[in-house]
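Only one structure is covered here, and it is reproduced in the block below.
Numbering (full-length UniProt numbering), first residue to last: 1 to 508.
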């Protein structure tokens, strides 16, 4: 093929000849430069022979699972204490500085009240117009508003910044309900507080590495703070309130009055973006697995254990005795025990309902062995549920996936127990039979509760819980609205002599 030299695709003739005549597989090591088309050719290195694949699919899957297991074990070993960390006799680091019944609060000098109001003024001055969440996360808003606020508020020596940001988020969300003209702006300010809290928490995680960084991050999220801590004397006098009844009765510690953690405030304020951040998930995972332990701030202590008050510490079970009380406060261990306790409760319930008497007679005037064991065990289970509600508060407790099922069973059981005791006291077999009929209503509650326990992270159950909550609210609202018709028809059914022609059940 003839090609013109002026065309862009023209190639020199000696390159074409060299390309055709060159032999890549041969190399004689000599080049005399006589021929313009000659090239230096280098033989390709011989590839090493590959071994034939002798592993079957099962062995490959086994090796992958083994690698994942080793990686998980390595991760666990990284978060446990090393040989150079001197843990105390409980396996906790840092070691106890004193053996007194109440450890001092390491964050009592932080100006919580001042920081909360400083953040509030900054957020109000920075956000005057409503923005959507997508607009707040845009690069322009990040450079103009979010990043300067993060740089200004971040303080590596103050672990209360995240708590103060989330407290302001709660306050802005409360204000949006009764300030109609600032409703959208307050929602925007609340979202800004959540975004800044996530960025500040991430910076804490990036600037503090290793086990000391993990301990620092744990203090940011699970240390208890009080909104009026180190407030001016005038403010404290103006907002002084009487001691809570739980303190007067000795059920809680006075220094923990009105204390909350940043993690609890995030749960109450439904800060989903903050809770799903990697730094927050790391602390939640370590607390759940028992690598981080602390004595929580309880609303009510039914069994006060103030002598075992423990600050936020890293826990290594390898350096702790087997019979150690800190093993029982590990959430993962607690969940396993709770599932086992609930299975025992369910088995006893089924035995009671299977072996109950089906006709009214003398058998209803005494407890069977199954019913007696079930009643004693269920009373303990119900009291533990009530104690959990009182210790953590109703708002935090109801965030649990199956909390509404537990509360429903508590109501059914106390109704059954009251009717059953009344039937035994009055020697009435019909009333005792009615108590067992009421107890049978617990079956639609207990069986789904077991599924919620075994598959607590299933999205279907999470959606089902939300639907049941909405349905319950709609049912109560419908009963409330149509209750007026029931009362009106009840009064209209009265005759001139005052005789009621129809009962409420018939009218309903």
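Cβ coordinates follow ideal geometry from the N, Cα and C atoms, glycine included.
Here residue 321 has no same chain residue with a Cβ atom under 7 Å from its own Cβ, once five neighbours each way along the sequence are excluded. The DSSP-derived three-state label of residue 276 is coil. Taking C-beta atoms as the reference points, residue 196 and residue 153 count as a pair closer than 8 Å. The three-state secondary structure of residue 93, taken from DSSP, is strand.
Just measuring C-alpha positions, the residue of 344, 164, 287 sitting nearest residue 315 is 287.
Sequence-distant partners of residue 438 (beyond 5 residues in either direction) whose C-beta falls short of 8 Å from its own C-beta, in its chain, are 412, 415, 416, 419. Taking 4 residues as the minimum length, the alpha helix (DSSP H) runs contained wholly in the stretch 120 to 188 are 133 to 136, 147 to 153, 161 to 175, in order along the chain. Restricting attention to 311, 398, 453, 357, the CA atom closest to the CA of residue 336 is found in 453. Under the 10 Å beta carbon count, residue 63 is surrounded by fewer than 16 other beta carbons and is classified as exposed. With contact defined as three or more Cβ pairs closer than 8 Å, the stretch 370 to 382 and the stretch 343 to 359 are in contact.
Residue 485 is classed as exposed because its beta carbon has fewer than 16 other beta carbons within 10 Å across all chains shown. Sequence-distant partners of residue 235 (beyond 5 residues in either direction) whose C-beta falls short of 8 Å from its own C-beta, in its chain, are 113, 228.
Rounded to whole angstroms, the gap between the alpha carbons of residue 421 and residue 442 is 18 Å. By the Cβ rule, the stretch 186 to 203 counts as touching the stretch 121 to 128, because three or more pairs are nearer than 8 Å. Secondary structure note for residue 370: its alpha helix (DSSP H) is the uninterrupted segment 369 to 392.
Check the Cα spacing between residue 276 and each of 470, 198, 329, 261: the tightest is with 198. The C-beta of residue 430 has fewer than 16 other C-beta atoms within 10 Å across all chains shown, which makes the residue exposed. Taking the CA atoms as reference points, residue 398 sits about 33 Å from residue 93. A check of alpha carbon separations from residue 161 across 107, 444, 326 identifies 107 as the nearest. Straight through space, the alpha carbons of residue 293 and residue 238 are spaced by roughly 37 Å. Per DSSP, the continuous beta strand (DSSP E) segment holding residue 314 begins and ends at 313 to 315. Rounded to the nearest angstrom, the Cβ distance from residue 127 to residue 167 is 17 Å, too far for a contact under 8 Å. For the pair residue 177 and residue 492, the Cα-to-Cα distance works out to about 41 Å.
Residue 210 counts as exposed, since fewer than 16 other C-beta atoms from the protein chains shown sit within 10 angstroms of its C-beta. Under the three-state reduction of DSSP, residue 418 is assigned to helix. Each residue's CA atom was taken as its position, placing residue 278 and residue 143 some 22 Å apart. For residue 313, the closest alpha carbon among the candidates 219, 464, 131 is that of 219. It is roughly 45 Å from the alpha-carbon of residue 426 to the alpha-carbon of residue 462. By a beta-carbon distance limit of 8 Å, residue 159 contacts residue 223. Their separation comes to about 6 Å. Under a 10 Å Cβ-count criterion, residue 67 is classified as exposed, with fewer than 16 other Cβ atoms of the shown protein chains found around its own Cβ.
A distance below 8 Å between beta-carbons, with the five flanking residues on each side excluded, links residue 205 to the following residues of its chain, in chain order: 213, 217, 278, 279, 282. Distance from the Cα of residue 432 is smallest, within the candidate group 273, 318, 366, for 366. DSSP links residue 260 through a beta bridge to 225. Taken through DSSP and simplified to helix, strand or coil, residue 329 comes out as coil. Setting aside the 5 residues that flank it on each side, residue 221 is surrounded in the same chain by 262, 263, 283, each with a C-beta closer than 6 Å to its C-beta; the list follows chain order. Where residue 442 is concerned, there is no enclosing alpha helix (DSSP H), because DSSP gives it neither an H nor an E.
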